[in-house]
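Only one structure is covered here, and it is reproduced in the block below.
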């Protein structure tokens, strides 16, 4: 008996159904992707020449603690640990960067000295730092500036790649090549106010005004007001000159600690 012409083989039937749309393709399974955080600052690696200059400015030692805000792949803390034995912390909001930083620390054999963690730089405790490194953006630097001045210990070195702190003038700045700049600030102690001075010169009153690390002032000696000469504040270190009894310039150098200025043969305490 001859087969009917409309009977099709299984393969032919599948082909017919496919071409007529009777078989619908299953929707593709979406790939699982890591959700990337919204970045305040885009990731741009710090060039080696800039990194070297930042560490030169910071002059890290094994006794320092370096915090890198927005650490990227961790190259700055890793280099400081490897070259100088400096302990450090790097934070970045991007988990991918932190994975890279941990890998770099392992390759450099400094995992006992540096730690990296996923964190928002604005939420990171910074008061333990003696060195703070930044490669952020101008508006981020300005947003951080009040915290740097309030929370960091006087004498802490703040090193920034490319971007400054506006009115807070750097203590040191250097251009690298044609387009890169490295800035350094030393966090100043709080010196502004009226101080009662005692010592070999006899008692007198010191009045200081302060704008970041810039200070001006005058001394009241035996009822006479005398402007300070060459006043300077660098971290905790303060110095100025006053005329002595013979009219010669006498230099005063001291260190501000716990609301006291302690110098050689003189000291000052705040007038409340």
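Residue numbers (the numbering used here): 79 to 350.
Cβ coordinates follow ideal geometry from the N, Cα and C atoms, glycine included.
As the structure is a computational prediction, the values presented were derived from the model and not from experiment.
Below 8 Å on the Cβ atoms is my contact criterion, and I expect residue i with residue j to pass it. Report the Cβ-Cβ distance as a whole number of Å.
i, j, result
"residue 135", "residue 279", "With 8 Å as the limit, residue 135 and residue 279 do not qualify as a contact, their Cβ atoms being about 37 Å apart."
"residue 196", "residue 159", "Between residue 159 and residue 196 the Cβ distance is about 20 Å, and since that is not below 8 Å, they are no contact."
"residue 346", "residue 297", "Contact doesn't hold; Cβ gap of about 10 Å is too wide."
"residue 344", "residue 301", "Rounded, the Cβ-Cβ distance is 20 Å, inconsistent with contact."
"residue 150", "residue 123", "6 Å"
"residue 202", "residue 154", "That pair is no contact at about 15 Å."
"residue 204", "residue 225", "7 Å"
"residue 131", "residue 252", "6 Å"
When we look at the beta-carbon of residue i and count the other beta-carbons within 10 Å, is it buried (16 or more) or exposed?
i, result
"residue 266", "buried"
"residue 169", "buried"
"residue 178", "buried"
"residue 74", "Here the chain has residues from 79 to 350 only, and residue 74 is not among them."
"residue 127", "exposed"
"residue 231", "exposed"
"residue 181", "exposed"
"residue 146", "buried"
"residue 260", "buried"
"residue 314", "buried"
"residue 248", "buried"
"residue 207", "buried"
"residue 137", "exposed"
"residue 321", "exposed"
"residue 256", "exposed"
"residue 338", "exposed"
Does the distance from the CB of residue i to the CB of residue j come in under 8 Å?
i, j, result
"residue 199", "residue 241", "no"
"residue 162", "residue 139", "yes"
"residue 264", "residue 295", "no"
"residue 270", "residue 284", "no"
"residue 157", "residue 129", "yes"
"residue 218", "residue 119", "yes"
"residue 194", "residue 176", "yes"
"residue 262", "residue 237", "yes"
"residue 311", "residue 291", "yes"
"residue 332", "residue 326", "no"
"residue 282", "residue 299", "yes"
"residue 213", "residue 172", "no"
"residue 227", "residue 244", "no"
"residue 323", "residue 125", "no"
"residue 133", "residue 166", "no"
From what residue to what residue does the beta strand (DSSP E) around residue i run?
i, result
"residue 198", "That residue, residue 198, is in no beta strand (DSSP E); it is neither H nor E in DSSP."
"residue 234", "Residue 234 -> no beta strand (DSSP E), and no H or E assigned at all."
"residue 263", "258-264"
"residue 245", "Premise fails: residue 245 is in no beta strand (DSSP E) and is neither H nor E."
"residue 348", "344-348"
"residue 287", "282-289"
"residue 211", "209-212"
"residue 119", "Premise fails: residue 119 is in no beta strand (DSSP E) and is neither H nor E."
"residue 274", "271-277"
"residue 341", "338-341"
Provide the residue span of the alpha helix (DSSP H) that contains residue i, from first to last.
i, result
"residue 226", "216-229"
query: Quick one: complete beta strand (DSSP E) runs, 3+ long, within the stretch 294-331?
result: 302-305, 307-312, 315-321
- prompt: Curious, which full-length alpha helix (DSSP H) runs of at least 4 residues does the stretch 126-196 contain?
  reply: 126-136, 153-162, 173-185
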